[in-house]
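Data block below; observations after.
Number of protein chains: 4
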Amino acid sequence: MTVNEATRVSTATWLDSALGSGVRVFDLGRPLYRGMPQSPNHPPYWHTLPRRHGDMVRADGGSAAADHISLGTHVGTHIDAFSHVSHNGLMLGGVSAADAQRGGTMSSLGAETIKPMFHRGVLLDVPRALGLEECEPGYEITPDDLSRTAESQGVEVRQGDVVLIRSGWGKNFDKGNEVYTGHDSGVPGVGEAGAYWLAGHGVHAAGADTIAFERLAPGAGHSLLPAHRVLLVETGIHIIETMDLEELASAGAHQFLFVLSPLKLVGATGSPVRPLAVVPEVTP
Amino acid sequence: MTVNEATRVSTATWLDSALGSGVRVFDLGRPLYRGMPQSPNHPPYWHTLPRRHGDMVRADGGSAAADHISLGTHVGTHIDAFSHVSHNGLMLGGVSAADAQRGGTMSSLGAETIKPMFHRGVLLDVPRALGLEECEPGYEITPDDLSRTAESQGVEVRQGDVVLIRSGWGKNFDKGNEVYTGHDSGVPGVGEAGAYWLAGHGVHAAGADTIAFERLAPGAGHSLLPAHRVLLVETGIHIIETMDLEELASAGAHQFLFVLSPLKLVGATGSPVRPLAVVPEVTP
Amino acid sequence: MTVNEATRVSTATWLDSALGSGVRVFDLGRPLYRGMPQSPNHPPYWHTLPRRHGDMVRADGGSAAADHISLGTHVGTHIDAFSHVSHNGLMLGGVSAADAQRGGTMSSLGAETIKPMFHRGVLLDVPRALGLEECEPGYEITPDDLSRTAESQGVEVRQGDVVLIRSGWGKNFDKGNEVYTGHDSGVPGVGEAGAYWLAGHGVHAAGADTIAFERLAPGAGHSLLPAHRVLLVETGIHIIETMDLEELASAGAHQFLFVLSPLKLVGATGSPVRPLAVVPEVTP
Amino acid sequence: MTVNEATRVSTATWLDSALGSGVRVFDLGRPLYRGMPQSPNHPPYWHTLPRRHGDMVRADGGSAAADHISLGTHVGTHIDAFSHVSHNGLMLGGVSAADAQRGGTMSSLGAETIKPMFHRGVLLDVPRALGLEECEPGYEITPDDLSRTAESQGVEVRQGDVVLIRSGWGKNFDKGNEVYTGHDSGVPGVGEAGAYWLAGHGVHAAGADTIAFERLAPGAGHSLLPAHRVLLVETGIHIIETMDLEELASAGAHQFLFVLSPLKLVGATGSPVRPLAVVPEVTP
Chain A
1 MTVNEATRVS TATWLDSALG SGVRVFDLGR PLYRGMPQSP NHPPYWHTLP RRHGDMVRAD
61 GGSAAADHIS LGTHVGTHID AFSHVSHNGL MLGGVSAADA QRGGTMSSLG AETIKPMFHR
121 GVLLDVPRAL GLEECEPGYE ITPDDLSRTA ESQGVEVRQG DVVLIRSGWG KNFDKGNEVY
181 TGHDSGVPGV GEAGAYWLAG HGVHAAGADT IAFERLAPGA GHSLLPAHRV LLVETGIHII
241 ETMDLEELAS AGAHQFLFVL SPLKLVGATG SPVRPLAVVP EVTP
Chain B
1 MTVNEATRVS TATWLDSALG SGVRVFDLGR PLYRGMPQSP NHPPYWHTLP RRHGDMVRAD
61 GGSAAADHIS LGTHVGTHID AFSHVSHNGL MLGGVSAADA QRGGTMSSLG AETIKPMFHR
121 GVLLDVPRAL GLEECEPGYE ITPDDLSRTA ESQGVEVRQG DVVLIRSGWG KNFDKGNEVY
181 TGHDSGVPGV GEAGAYWLAG HGVHAAGADT IAFERLAPGA GHSLLPAHRV LLVETGIHII
241 ETMDLEELAS AGAHQFLFVL SPLKLVGATG SPVRPLAVVP EVTP
Chain C
1 MTVNEATRVS TATWLDSALG SGVRVFDLGR PLYRGMPQSP NHPPYWHTLP RRHGDMVRAD
61 GGSAAADHIS LGTHVGTHID AFSHVSHNGL MLGGVSAADA QRGGTMSSLG AETIKPMFHR
121 GVLLDVPRAL GLEECEPGYE ITPDDLSRTA ESQGVEVRQG DVVLIRSGWG KNFDKGNEVY
181 TGHDSGVPGV GEAGAYWLAG HGVHAAGADT IAFERLAPGA GHSLLPAHRV LLVETGIHII
241 ETMDLEELAS AGAHQFLFVL SPLKLVGATG SPVRPLAVVP EVTP
Chain D
1 MTVNEATRVS TATWLDSALG SGVRVFDLGR PLYRGMPQSP NHPPYWHTLP RRHGDMVRAD
61 GGSAAADHIS LGTHVGTHID AFSHVSHNGL MLGGVSAADA QRGGTMSSLG AETIKPMFHR
121 GVLLDVPRAL GLEECEPGYE ITPDDLSRTA ESQGVEVRQG DVVLIRSGWG KNFDKGNEVY
181 TGHDSGVPGV GEAGAYWLAG HGVHAAGADT IAFERLAPGA GHSLLPAHRV LLVETGIHII
241 ETMDLEELAS AGAHQFLFVL SPLKLVGATG SPVRPLAVVP EVTP
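Residue numbers (the UniProt record's numbering), protein chains in the order written: chain A, 1 to 284; chain B, 1 to 284; chain C, 1 to 284; chain D, 1 to 284.
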């Protein structure tokens, strides 16, 4: 027998513990549908059903329907690969963007290089800590805000964590594209300083409930994205955008198992994802 | 404070246990790239890089690249929604396929209804149990094969499990479309009887290392798919296809935490996924 | 020699006459670009350049760039195939729409069945005849308007003609999607009566400078399209939409050679086109 | 009255002559369908019918179906814009390819700059002149072949003509992608010398019944395309590919009115087209 008995037993024990009497899985992904809020800079999400039941019926009465989807990789809830952003022509680790993209596909730092995440996750619910319903449009979340939020929640941000920053802006997702993308109003989020705070804590990835993760100044659109530079180019921290953090926040779940499994889109600059936060079911 | 102290403590303890001294995450998803093996019945996967670094440079020297992807939802490693297959015009639970698809999107049983999975997973490595390198092309894996495999591996298939059936065919993925889809040769897999075996054990989902999950008879193509009928239409068991089970099998990992998080593609019949199998790191 | 001498000579003479001392070719097609006005009911026009010069350089220094386009067939200047519209389940000639579309492609009356047009064309410049700059939003162009326009222009509408109806609305194309599609304001055009007038004259095809050819009542959107029914379903007259008739009208060219060559998109319900109106150069 | 009486009369007379007792319109475009022969270097043509009759029925019983198409611009019968090819980084007129393509769309020499064609056309039926059924795979059509063909057909190639070169290879279109693209066998066509012959005659555009217009050496694929360089980069002569010249050749129509109206795809490197050859009907 090639089965490793020790491993098997150990896994079973661990599984019992991991699944326990049940877990609660929070779904942090937004639904994808035609007309959903997304950046106009990216190819629109478009789903159609080119094959329908009844088009072709098998001898035994079986039939199948099937889809076509067309989209940018930075639409819906998604993660940025390190090939997404460059600064003065260089990407993470000094890789030349011009070299990497020659040929029309990213030969370095593509989405296929993003490892699945099975990490400790921390939610920083900023408006709750600040006593607000939601952060103001265009508000820059400061390092002090982040520290105070962690403290008031009684959680510590550790090396290797995935930190999810709730601004409260996610409530605007259902109000449509114009409101959610906040082109005129601005959108709250961390700025350069907040990005360095995250990097200083050695986090593995960072996410938010907004379309661009970082603060967009009113009327400025995407004209400057310093936090992207800090995280993607300088320090190698993945960014997850357009997350749904409302249910997680309502449940007061501030630490959890964070699971993310991006599609291995070879040579792409990002991937749509459906992140999960997992906690044990608590029996009263 | 709204923080639930009891929950917080319990979660921390559980997290320590779940992450422990480290976990090993097996990646069961295939890479997606232009020209990868996929069924010719589905829209081809096509990735391009319409925006490149340098196309638009921000005042601070920042620039970004971005993609477009176009694909069917049943390409690459993917999961079938229950809206994928009908029998005599009816889908799971007797839902009328004609009604559900009217309007060009699935109003019932769409991919957005597939819950994230965080389940006990079991690998049934059939060729290893049968003493083969891989199952023959077109071989039908029988209930007896499944039972013997479970027994020889010392694992039990329980209610709620996700069962992954390795036929060994996955080694053909890198040999290109013609070989992997096995149109002429046939492809090994379970048939109707094997599907009922899975349903009889109350599994939550089932996956395989082939393009159609179930056995394709030599020369018969997709002319009959009885296991799809049993699982998707009759018993409500999701099917996961085109998985990479080689590393998992080589490691002899026969039970694990199975994690899957399909994209919430509203009204779609399936979703590309990157499934994970997680086990504790074993210290020697 | 297999050359038919008589044909050759005759063709040469005809060509001399057709080309004469030169012709003026009016371009009646709109440019296609990302963000152009189009109906939100149809897949958006999206052009990208996935391959660029320099991506691959041949041994001799040659290189090539190439595109991807994704679009509905009813975007930009386009022609409707008879398979586009049905009434009570039937298309032109009583063809069952359900039968024709089974399988996900039109097995009857598809765009590939539209013959190239090389016909006498007539422009009916309605606002000019009515002494207006342009027809009011939502104005229904009546049979009497059409007759008076033809008369005041000194042209006769004959059997087999392609009749282009200018409402003046085309000036709104450059004002963007919201204005041009006229969802709130309404859009001028013929109604059911005008369509019967066209059919009564035995025209071969009819076009207009608006997105839907026919009148859209203010606030009614595309809720009723009686002229489409009359022309496409009852009488077999193709419809051409989103034409640019401004230059033709400015030149006072009311009769011309009309040339149209739709793409043979097998099984499609329409095709993007670039229609031409040709007149001899007039030497003063 | 703003109508120019002189123009009107002149146009009517010219129209009578141009349409005469009827014209015969030869359709030189191939049908576009899923799976048609096309270069694997370009995005595949893919047509689907996302909206079907019955999906939405208007109050009066009307309903509509509509399509989505996705394709490269160099698939099916198509024309190359001058932005398609560069040599040592420069396009026609010394335009920098790198500059033109920055931003992901061609800012110079895009498909929207191709004027509609209403020109004298000449067919050079090479195999017929050479006494062959079709040119051999990989055969290079020489200047001498072109001159002899014109002479034997009794036609003269003049400045401004559109010259269509039949190699006979078009008969392979219906044999599928592998045969038609001729990757292994090679494909007949002009080479560098033939391209200079065309340029020396001052032709406006040139077309052929093959996928790449010019000769492809056996086994060499698209490794060198000297005729593209001569025509697109050096001399400004458009190239039309994948034409159907069989019916035209069978009819022995060696001169005709050539009509072409490419879609104005802004910033694209080519456009699908359906070219026409028009001759007067000959009454016996």
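Note that the Cβ used here is the ideal one computed from N, Cα and C, for glycine as well.
Rounded to the nearest angstrom, what separates residue i and residue j at their Cα positions?
| i | j | result |
| --- | --- | --- |
| Gly104/B | Ala220/C | 23 Å |
| Gly182/C | Gln38/C | 11 Å |
| Tyr45/B | Gly270/A | 16 Å |
| Met36/D | Leu265/B | 30 Å |
| Ala150/A | Leu32/A | 31 Å |
| Ser223/C | Pro143/C | 22 Å |
| residue 295/B | Pro280/A | The shown model of chain B, from 1 to 284, leaves out residue 295/B, and the question about it has no answer. |
| Leu257/D | Ala277/D | 6 Å |
| Gly191/A | Asp174/D | 60 Å |
| Val3/C | Gln153/D | In this prediction, Val3/C has a pLDDT of 45, which is less than 50 and means its spatial position is unreliable; nothing more can be read from the coordinates. |
| Ala18/B | Ala12/B | 10 Å |
| Gly20/A | Val75/A | 35 Å |
| Arg24/A | Glu156/A | 22 Å |
| Arg58/A | His84/B | 14 Å |
| Met56/A | Val122/C | 45 Å |
| Trp197/C | Tyr139/C | 17 Å |
List the residues of chain B that residue i touches, going by C-beta distances under 7 Å, in chain order.
| i | result |
| --- | --- |
| residue 302/C | Missing from the structure shown is residue 302/C; chain C here goes from 1 to 284 and no further. |
| Pro137/A | Near Pro137/A there are no residues of chain B at all, since even the closest Cβ is about 21 Å away, more than 7 Å. |
Can you pull the chain D residues whose beta carbon is under 8 Å from the beta carbon of residue i, in chain order?
| i | result |
| --- | --- |
| Gln101/C | Leu49, Arg52, His53, Ala65 |
Against residue i, what residues of chain D qualify as contacts under a CB-to-CB distance less than 7 Å, listed in chain order?
| i | result |
| --- | --- |
| Pro43/B | Trp46 |
| Ala12/C | Gln255 |
| Pro280/C | Ser10, Thr11, Trp14 |
Measure how close the beta-carbons of residue i and residue j come, nearest whole angstrom, since I'm counting them as under 8 Å.
| i | j | result |
| --- | --- | --- |
| Arg128/A | Thr77/A | Contact doesn't hold; Cβ gap of about 21 Å is too wide. |
| Glu241/A | Ala212/A | 6 Å |
| residue 311/C | Pro262/C | A question about residue 311/C goes unanswered here, because the residues of chain C that appear run from 1 up to 284. |
| Met117/B | Leu248/B | Going by Cβ atoms, the distance from Met117/B to Leu248/B rounds to 16 Å, so no, they are not a contact pair. |
| Ala100/D | Ala81/D | Not a contact, Cβ separation roughly 11 Å. |
| Asp145/B | Val163/B | Going by Cβ atoms, the distance from Asp145/B to Val163/B rounds to 13 Å, so no, they are not a contact pair. |
| Ser185/C | Pro218/C | 6 Å |
| Gly267/B | His47/A | 7 Å |
| Val203/A | Asp244/A | Actually they do not touch by this definition, with Cβ atoms about 20 Å apart. |
| Asp27/D | Leu49/D | Going by Cβ atoms, the distance from Asp27/D to Leu49/D rounds to 24 Å, so no, they are not a contact pair. |
Can you list the residues of chain A that residue i reaches, using a CB-CB cut of under 7 Å?
| i | result |
| --- | --- |
| His68/D | Thr48 |
| Ser83/B | Ala65 |
Chain A partners of residue i, CB-CB under 8 Å?
| i | result |
| --- | --- |
| Gly202/C | Correct list: empty, because the minimum Cβ distance to chain A is about 38 Å. |
| Arg274/B | Pro116, Ser261, Pro262, Leu263, Lys264 |
So which residues on chain D does residue i lean against when the C-beta distance must stay under 9 Å?
| i | result |
| --- | --- |
| Asp27/C | Lys115, Pro116, Ser261, Lys264 |
| Gly61/C | Ser86, His87, Asn88, Gly89, Arg229 |
| Thr73/C | His47, Ala66, Asp67, His68, Ile69 |
Using the beta-carbon of each residue, which ones in chain B are nearer than 8 Å to residue i?
| i | result |
| --- | --- |
| Met56/D | Gly103 |
List, in chain order, every chain B residue whose beta-carbon is nearer than 9 Å to that of residue i.
| i | result |
| --- | --- |
| Leu19/A | Phe118, His119, Arg120, Leu257 |
Using the beta-carbon of each residue, which ones in chain A are nearer than 9 Å to residue i?
| i | result |
| --- | --- |
| residue 298/B | Because chain B in this structure spans residues 1 to 284, residue 298/B falls outside the shown range and cannot be described. |
Runs of 4 residues minimum, wholly inside the stretch 226-260 of chain A: which ones carry the alpha helix (DSSP H) assignment? Whole alpha helix (DSSP H) segments, 4+ residues: 246-250.
With a threshold of 8 Å, are at least 3 pairs of Cβ atoms found where one atom belongs to the stretch 195-209 of chain B and the other to the stretch 167-177 of chain B? Short answer: they touch.
Just list the alpha helix (DSSP H) runs in the stretch 128-175 of chain D, keeping only unbroken ones of 4 residues or longer that don't cross its boundaries, in chain order. Fully enclosed alpha helix (DSSP H) runs of 4 or longer: 143-153.
Which runs of the alpha helix (DSSP H), 4 residues or longer, sit entirely within the stretch 183-229 of chain B? The DSSP assignment places complete alpha helix (DSSP H) segments of no fewer than 4 residues inside the stretch 183-229 of chain B at 192-200, in order along the chain.
Which ranges does the beta strand (DSSP E) cover as unbroken runs of at least 3 residues, wholly within the stretch 31-86 of chain B, from first to last along the chain? Segments of the beta strand (DSSP E) lying fully in the stretch 31-86 of chain B: 46-51, 62-64, 66-71, 78-80.
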